[in-house]
Amino acid sequence: MSNTPLSALQKTQLMKLEKKLRRHVGQAISQYNMIEDGDKVMVCLSGGKDSYAMLSILMLLKESAPIHFDIVAVNLDQKQPGFPEHILPQYLNELGIEYHIVEEDTYGIVKEKVPEGKTTCSLCSRLRRAILYKVAKNIGATKVALGHHRDDMIETLMLNMFYGGKMKAMPAKLVSDNGEHVVIRPLAFCKESELIQYAALKHFPIIPCNLCGSQPNMQRQNIKKMLNDWHQEFPGRIESMFTAMQNVVPSHLCDNELFNFSDINSNSGVINGGDTAFDEPELNFNGSAKETKMPTNKTEQLTIIEVQ
Ligand code: SF4
0 MSNTPLSALQ
10 KTQLMKLEKK
20 LRRHVGQAIS
30 QYNMIEDGDK
40 VMVCLSGGKD
50 SYAMLSILML
60 LKESAPIHFD
70 IVAVNLDQKQ
80 PGFPEHILPQ
90 YLNELGIEYH
100 IVEEDTYGIV
110 KEKVPEGKTT
120 CSLCSRLRRA
130 ILYKVAKNIG
140 ATKVALGHHR
150 DDMIETLMLN
160 MFYGGKMKAM
170 PAKLVSDNGE
180 HVVIRPLAFC
190 KESELIQYAA
200 LKHFPIIPCN
210 LCGSQPNMQR
220 QNIKKMLNDW
230 HQEFPGRIES
240 MFTAMQNVVP
250 SHLCDNELFN
260 FSDINSNSGV
270 INGGDTAFDE
280 PELNFNGSAK
290 ETKMPTNKTE
300 QLTIIEVQ
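Take numbering that gives the first Met the number 0: the last position of the sequence shown gets the number 307, and nothing is skipped along the way.
Put into C-alpha cells, the structure is as follows:
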C-alpha cells in the first residue's frame, strides 16, 4: 500500500466519495436483500480496482450495519506469468481480515486447451467460477460477492442486445450455475468512474488484469466507448438506462413468455398505460410528416416522427 499522504482537498474528496459509495452499496444490499444476519460473505478479490473497492466498502458497512455478517476475502492465483504474489497477502494482512489465496494453474490449462490467437477469457472465467464456488463451499460461505458495477451491467445488456439477441444483463443477485451458492454484486449501483477515483484516492495496490496476455474483448470495448460517448453528449442517458433496467414493462415488449399477449381481448382493460407512453402530439394540420421534439427528461429530447 502506498503511504503517499493525501492533501486536505483529496481527504475531503475521499470522504464524500466513500459516503456516496457506502450509500449505493447499502441501497443495493437492501433493495435485493443481498446480505442477511449471520451471513459469511466471500469477497472475491482479483486485485483490480473494483474488488478492492467492494472489500473496502463492505468492511465499512459491516462496522455500522444493524446485522452481523462476516467477511472472508478470497483471491485466486491463476499462475499467470508475472503475477505479484506478495501484494494481496501484504494488503490483507495490513487490513487484518480473514483471507485465503487459492493457487490453481488455470493459466496453464487455458494455454493448453485454447488454440493460439483464440480468445481465452471464456474458458478462463468458467474455470475461475468453478474454483471459487468450490472454495465458497469449503469455507462455509453463504454469499459469494463479485465486484461488477453498474457500467458492467449496462454494457452486458447492450452486448446481449447487439450480439446475442436477448434483453439480458448481469443480475445483482443470482443462484450460481451449480445451484449451490447465492452470488451477489454489491457494487450494482456504483458508477465505474467513481470506483476509478476511489481506487486512486485509496492507493489500492492494483494488479494488472492483462498478465495473461489476452487481448481485451473488442465488442465490450466498443460498447464501452459508445456508452462513454453518449454520456458526454447526453448527460443523464446512462442513469436513465440503468433506471429502465429496474423498471421493465413486459406488456410493452414482445416476449410471449413474459406477458400473455394471446389472452388480451376487448375486456382486458387498459394495460400499463396502453399506448400513451409518448402521446403528446403537437397537432399539425398540413397533412405532412412532422418531426416533433418532446422532452423525455431535463437533459434530453426524443425525436419522433408524426404522420398526420
Ligand atoms: S483477461 Fe486473462 S485472466 Fe482475465 S478472464 Fe481473460 S484470460 Fe482470464
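Note that the Cβ used here is the ideal one computed from N, Cα and C, for glycine as well.
query, result
"In chain order, each alpha helix (DSSP H) run of at least 4 residues that lies wholly inside the segment 185 to 242", "191 to 201, 217 to 232"
"Status (buried if at least 16 other CB within 10 Å, exposed otherwise) for E62", "exposed"
"As assigned by DSSP and simplified to three states, the class of P4", "coil"
"Ligand 1 heavy atom lying under 8 Å from the CB of R127", "yes"
"Limits of the beta strand (DSSP E) - the one that I86 falls within", "Segment 86 to 94 is the alpha helix (DSSP H) holding I86; no beta strand (DSSP E) there."
"Residue range of the unbroken beta strand (DSSP E) whose run includes E102", "98 to 102"
"Residue range of the alpha helix (DSSP H) that includes M157", "149 to 158"
"Three-state secondary structure (DSSP) of K117", "coil"
"Same chain, Cβ closer than 8 Å to I263, five either side skipped, listed in chain order", "I270"
"Beta-carbon separation (whole angstroms), P83 vs I206, contact threshold 8 Å", "6 Å"
"Cβ pair V109, L122 closer than 9 Å", "yes"
"Contact under 9 Å by Cβ, C189 with A52", "yes"
"Residues bridged to L173 (per DSSP)", "V182"
"Limits of the beta strand (DSSP E) - the one that D69 falls within", "69 to 76"
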